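Engineer:
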Amino acid sequence: MRGIGAYLRPRSVEEALDAKASIDGSRWLAGGTDLLIGVKDGKERPAALVSLRSVTEMRGVWHDGSVRIGAGTPIADCLEDPRLAVRLPVLAQAMTTMGSVQIRNAATIGGNLCTASPCADTAPPLLVLGARLVVRSATAGGTREIALDEFFRGPRRTVLGPHDVVTGIVIDPPAASVRGVFLKKTRVQMDLSLASVAVLLDLDGDRCRKARVAVGSVAPTPRRLLEVERVLEGEQLSREVVAHAAQIARDAVAPICDLRAGDEYRRHVTGVFVRRAIEMLLAGRCS
Ligand SMILES: Cc1cc2nc3c(=O)[nH]c(=O)nc-3n(C[C@H](O)[C@H](O)[C@H](O)COP(=O)(O)OP(=O)(O)OC[C@H]3O[C@@H](n4cnc5c(N)ncnc54)[C@H](O)[C@@H]3O)c2cc1C
47 MRGIGAYLRP RSVEEALDAK ASIDGSRWLA GGTDLLIGVK DGKERPAALV SLRSVTEMRG
107 VWHDGSVRIG AGTPIADCLE DPRLAVRLPV LAQAMTTMGS VQIRNAATIG GNLCTASPCA
167 DTAPPLLVLG ARLVVRSATA GGTREIALDE FFRGPRRTVL GPHDVVTGIV IDPPAASVRG
227 VFLKKTRVQM DLSLASVAVL LDLDGDRCRK ARVAVGSVAP TPRRLLEVER VLEGEQLSRE
287 VVAHAAQIAR DAVAPICDLR AGDEYRRHVT GVFVRRAIEM LLAGRCS
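If you count the sequence shown from 1, you need to add 46 to reach this note's numbering.
So this is what it looks like as structure tokens:
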């Protein structure tokens, strides 16, 4: 492919980190569904591509107390894991909406987060689930964990250094009483979202013990709406409280206006989705 100096295919995380550190300006390549489009368009000119496709230790879904997903696991493989949809239904809901079969076969969960697009569909569910990223570095050495809500710095920007690689995502499944919903608005089928919302509630009847709310495509990064969570937690979720939460959500987001939708429309959809998600959870219409 034009514009790429070299293509390296390491077989372990160790080899990958060495390969990456050996060429300044090289980039990680996972499924390539974002990066290679940029390369083809001439917007990205990496000195080399270090492919993660043969790093088998970064592929798979492991269940113990937590769920650990290898960063190089394609979305389709995540969806094929029989326990993922049971333990993390809100994440599985989001994954089923992503792209086409071909995109889900190639696109990885790590690439979806590391590309740091405001519309990355796995981000809102992983934010409400309190996911942590496992990061290895060629320079810093060792392994560290980064909470997902501290990971994004801006559109296409994360806290990762040039020689860091995300090797996995760790999620502690919520208590059995917790239910979640993911809602996504697109212009047409198989399009990127113009607004998305993930809501996780721990309900005792109509009373909300705990709330987690996150949005995509309506701010420079996917983010939690702490102000909405505060309105819900400890409250009886009456129509008034839910309407207030939806209004706060509308006011809290900072969408852009682009070819997919205007900022006012994105705000409107955010409010509607927050209300709808809470109503679905109150009615038990969710997993
Ligand atoms: C037709 C089409 C439809 C799409 N539909 C959707 C959709 O519905 N929802 C959605 O969210 N996205 C969608 N996308 C965007 C894209 O498919 C996803 O963001 C995908 O998950 C990216 O993952 P990837 O493995 O292909 O990443 P790549 O393109 O390989 O990499 C993306 C970026 O992340 C970096 N990176 C990758 N892995 C790591 C790692 N482990 N550690 C550190 N950095 C890493 C790369 O260097 C690069 O900068 C669509 C794309 C296309 C082309």
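Glycine residues also receive a C-beta, built at the ideal position from the N, C-alpha and C atoms. Note that the coordinates shown come from a computational prediction; the quantities given were computed from them, not determined experimentally.
1) For Leu75, count the other beta carbons within 10 Å of its own beta carbon; 16 or more makes it buried, fewer makes it exposed. Which is it?
2) Using only CA atoms, which one of Val299, Met144, Leu328, Phe198 lies nearest to Val287?
3) Would you give the residue range spanned by the alpha helix (DSSP H) that Phe319 belongs to?
4) Can you check whether the CB of Val264 is closer than 8 Å to the CB of Val318?
5) Pick helix, strand or coil for Leu206, following the three-state DSSP scheme.
6) Can you give me the C-alpha to C-alpha distance between His290 and His314, rounded to a whole angstrom?
7) Considering only DSSP beta bridges, list what Ile192 is partnered with.
8) Sorted by chain position, which residues of the same chain lie with C-beta nearer than 8 Å to Met104's C-beta, five sequence neighbours on each side aside?
9) Runs of 4 residues minimum, wholly inside the stretch 262–288: which ones carry the alpha helix (DSSP H) assignment?
10) Could you tell me the alpha carbon to alpha carbon distance between Arg57 and Gly187, rounded to whole angstroms?
11) Compare the Cα-Cα distances from Val180 to each of Gly207, Arg114, Pro92, Asn158 and report the closest residue.
12) In whole angstroms, give me the CA-to-CA distance for Ile69 and Gly78.
13) Go to Pro121, then tell me how far its beta strand (DSSP E) extends in each direction, as first and last residue.
14) Hey, does Pro170 have any beta-carbon neighbour from chain C nearer than 8 Å?
Structural biologist: This is what the structure gives:
1) Mapped onto the sequence shown, residue 75 falls at position 29. The Cβ neighbour count for Leu75, taken over all protein chains shown within 10 Å, is at least 16; the residue is labelled buried.
2) For the purposes of this step, residue 287 is identified with residue 241 of the sequence shown, where counting begins at 1. Among Val299, Met144, Leu328, Phe198, the Cα nearest to that of Val287 belongs to Leu328.
3) As a position in the sequence shown, residue 319 is number 273, starting the count at 1. Unbroken alpha helix (DSSP H) run through Phe319: 309–328.
4) Sequence index remark: in the sequence shown, residue 318 carries index 272 (1-based). Sequence index remark: in the sequence shown, residue 264 carries index 218 (1-based). Cβ atoms of Val318 and Val264: not closer than 8 Å.
5) Counting from one through the sequence shown, the residue named residue 206 turns up at place 160. DSSP places Leu206 in coil when its eight states are reduced to three.
6) Taking the first residue of the sequence shown as 1, we reach residue 290 at position 244. Taking the first residue of the sequence shown as 1, we reach residue 314 at position 268. A direct Cα-to-Cα measurement between His290 and His314 gives close to 14 Å.
7) Here residue 192 refers to the residue found at position 146 when the sequence shown is read from its first residue. Under DSSP, the beta-bridge partners assigned to Ile192 are Leu179.
8) By one-based count along the sequence shown, residue 104 stands at place 58. Within the same chain, Met104 has close Cβ partners Val59, Leu98, Gly116, Ala117, Gly118, Thr119, Gly156, Thr213, Gly214.
9) DSSP runs (the alpha helix (DSSP H)) wholly in the stretch 262–288: 272–278.
10) In the sequence shown, the residue the question calls residue 57 occupies position 11. In the sequence shown, the residue the question calls residue 187 occupies position 141. Approximately 19 Å, taken between the alpha carbons.
11) Counted from its first residue, the sequence shown places residue 180 at position 134. Out of Gly207, Arg114, Pro92, Asn158, the CA that lies nearest to the CA of Val180 is found in Arg114.
12) Locating residue 69 in the sequence shown gives position 23, counting from the first residue. Locating residue 78 in the sequence shown gives position 32, counting from the first residue. Taking the Cα positions, Ile69 is about 19 Å away from Gly78.
13) Along the sequence shown, one-based indexing puts residue 121 at 75. The sequence shown places Ile at residue 121, rather than the Pro named in the question. Premise fails: Ile121 lies in the alpha helix (DSSP H), 121–126, not in any beta strand (DSSP E).
14) Given the protein chain composition of this structure (a single chain), no chain C is represented.
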